[in-house]
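> Pasting a structure below so you can have a look.
There are 2 protein chains.
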Amino acid sequence: MVENQQVEHIEKSLRKVAEIIKQKGRVILNQFPITPPQFVALQWLNELGDMTIGDLSTKMYLACSTTTDLVDRMEKNELVERVKDQNDRRVVRIHLLEKGEKIIQEVIKKRQDYLKGILQNFSDEEIAFLEKSLHVLHQEMESSSKE
Amino acid sequence: MVENQQVEHIEKSLRKVAEIIKQKGRVILNQFPITPPQFVALQWLNELGDMTIGDLSTKMYLACSTTTDLVDRMEKNELVERVKDQNDRRVVRIHLLEKGEKIIQEVIKKRQDYLKGILQNFSDEEIAFLEKSLHVLHQEMESSSKE
Numbered sequence: 033m034v035e036n037q038q039v040e041h042i043e044k045s046l047r048k049v050a051e052i053i054k055q056k057g058r059v060i061l062n063q064f065p066i067t068p069p070q071f072v073a074l075q076w077l078n079e080l081g082d083m084t085i086g087d088l089s090t091k092m093y094l095a096c097s098t099t100t101d102l103v104d105r106m107e108k109n110e111l112v113e114r115v116k117d118q119n120d121r122r123v124v125r126i127h128l129l130e131k132g133e134k135i136i137q138e139v140i141k142k143r144q145d146y147l148k149g150i151l152q153n154f155s156d157e158e159i160a161f162l163e164k165s166l167h168v169l170h171q172e173m174e175s176s177s178k179e
Numbered sequence: 033m034v035e036n037q038q039v040e041h042i043e044k045s046l047r048k049v050a051e052i053i054k055q056k057g058r059v060i061l062n063q064f065p066i067t068p069p070q071f072v073a074l075q076w077l078n079e080l081g082d083m084t085i086g087d088l089s090t091k092m093y094l095a096c097s098t099t100t101d102l103v104d105r106m107e108k109n110e111l112v113e114r115v116k117d118q119n120d121r122r123v124v125r126i127h128l129l130e131k132g133e134k135i136i137q138e139v140i141k142k143r144q145d146y147l148k149g150i151l152q153n154f155s156d157e158e159i160a161f162l163e164k165s166l167h168v169l170h171q172e173m174e175s176s177s178k179e
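So this is what it looks like as structure tokens:
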């Protein structure tokens, strides 16, 4: 049974950590020719492979029209391309191009470098706990948002 | 010594958790008459008490002119008021009003309720680990961003 005071502490830490990560993420993105929503889209394409506009909209919690505009700009910048399904040519998917893949991997690498600096004073045990507890938290949040 | 694979896992979990928290936070805010930047400002005023525009700008990583516009709108909506320092009337601070305080506390309560639901399947031990590791992570991030 979770105590109210623990929930208060965890909520506050998460709120603060999420805010710092967002701010740090913006500073990192300033070094790259992509916007924060483009980063989120590239991240999903990098993780899940080719996606339809509908699937990408669901993942990004955006209206399809907003995602279409986003993909248009990304296609113009040669980060992604639209490809027709070989078996059903009515189905169009967004495919990550080499330039987009390179950028997303560099951005994630910079985020990892930042985090590595943060974790340098953590003991092996603390890092193992953090890794495990964040993984479980993420899984619970994912399954809760699907309900 | 933190291993690269651990950093990769922690970065990914944090990125995903921060994104879900942001999205969930937006859904919660839809029930209240404030915008996401107003939420961040109210949160700082609730936590630190009266603040100058300069201090609030620093905390929010915004230009002073942007913060001034934000505070103008919040003052119009009776969430905050500007008060002159009793000892030095050239110094103006932003003060949280009762309406703003009530809203920020209700928003944070809703975020805690959401998190309580997420944590219901966690063991006492897991919750204690999560609480501690997120607290340490937050502290390290705060001190790193001050460097």
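Chains as they are written, first to last, in the numbering used here: chain A, 33 to 179; chain B, 33 to 179. Backbone N, C-alpha and C define an ideal beta-carbon position, used for all residues, glycine too.
Using the beta-carbon count (16 or more within 10 Å), is G86(A) buried or exposed?
The residue is exposed, with fewer than 16 neighbouring Cβ atoms inside 10 Å.
> Cα-Cα, which of L129(B), K142(B) and M173(B) is closest to M83(B)?
M83(B) has its Cα closest to that of L129(B), out of L129(B), K142(B) and M173(B).
> Does any residue of chain A bring its CB to less than 8 Å from the CB of A50(B)?
So yes, A50(B) belongs to the interface.
> Helix, strand or coil for V123(B) per DSSP?
It is coil, neither helix nor strand.
> Does the Cβ-Cβ distance between L80(B) and L162(A) come in under 8 Å?
Contact flag unset, no.
> With contact counted as at least three CB pairs below 8 Å, one residue from each stretch, are the region 133-149 of chain B and the region 48-67 of chain B in contact?
Output reads yes: the region 48-67 of chain B touches the region 133-149 of chain B.
> So Q63(A) contacts chain B; which residues on that side make the cut at Cβ distance below 8 Å?
The premise fails here: Q63(A) is roughly 16 Å from chain B at the closest Cβ pair, so nothing lies under 8 Å.
> Which residue comes first and which comes last in the alpha helix (DSSP H) that contains V112(B)?
Taken as a continuous stretch (DSSP letters only), V112(B) belongs to no alpha helix (DSSP H), being part of the beta strand (DSSP E) at V112 to K116.
> Have a look at Q171(B), K141(B), E157(B) and H167(B) and flag the residue whose alpha-carbon is nearest the alpha-carbon of D60(B).
For clarity, residue 60(B) is Ile in the given sequence; the question names Asp instead. Selected option, being the one with the closest Cα: K141(B).
> Could you check whether M92(A) and I52(B) sit closer than 8 Å to each other, using their CB atoms as the reference points?
No. Outside cutoff.
> Give the residues of chain B in contact with R143(A), contact being defined as C-beta atoms less than 9 Å apart.
Neighbours of R143(A) on chain B, chain order: E43, L46 and R47.
> Look at the alpha carbon of A95(A) and the alpha carbon of A73(A), and state the distance between them as a whole number of angstroms.
Cα-Cα distance, rounded: 13 Å.
> For H182(B), go through chain A and note every residue whose CB falls closer than 9 Å to its CB, in chain order.
This structure cannot settle anything about residue 182(B), because the visible part of chain B is limited to 33 through 179.
> Going by the DSSP bridge assignment, what does L102(B) pair with across the sheet?
Answer by DSSP bridge pairing: none, since L102(B) is not bridged.
> Less than 8 Å between the CB atoms is what I'm expecting for I42(B) and L77(B), so what's the real figure, rounded?
Not quite, the Cβ-Cβ distance comes to about 31 Å (not below 8 Å), so this is no contact.
> In the DSSP output, which residue or residues are listed as bridge partners for M83(A)?
For M83(A), which the question treats as bridged, DSSP gives the partners I126(A).
> Taking DSSP as the reference, what is the three-state secondary structure of N109(A)?
The answer is coil: DSSP assigns N109(A) none of H, G, I, E or B.
> Any idea if K178(A) is buried or exposed, counting beta-carbon neighbours within 10 angstroms, 16 or more meaning buried?
Counting Cβ neighbours within 10 Å, K178(A) comes out exposed, since fewer than 16 surround it.
> Contact criterion: CB-CB distance below 8 Å. Does L151(A) meet it with respect to chain B?
Closer than 8 Å: yes.
> How many angstroms separate the CA atom of S155(A) from the CA atom of V34(B)?
Computed Cα separation, rounded: 8 Å.
> Assign V103(A) to one of two classes, buried (16 or more other C-beta atoms within 10 Å of its C-beta) or exposed (fewer than that).
It counts as buried.
> Any beta-carbon of chain B closer than 8 Å to the one on K54(A)?
Output row for K54(A): interface = yes.
> What residue range does the alpha helix (DSSP H) around N62(B) cover?
Segment: none, N62(B) is in no alpha helix (DSSP H) and carries neither H nor E.
> Looking at C-alpha atoms only, which residue of K44(A), Q37(A) and Q152(A) is the closest neighbour of H167(B)?
Nearest of K44(A), Q37(A) and Q152(A) to H167(B), Cα basis: K44(A).
> At the level of alpha carbons, what is the spacing between G149(B) and Q144(A)?
Using only the alpha carbons, I get a separation of about 30 Å.
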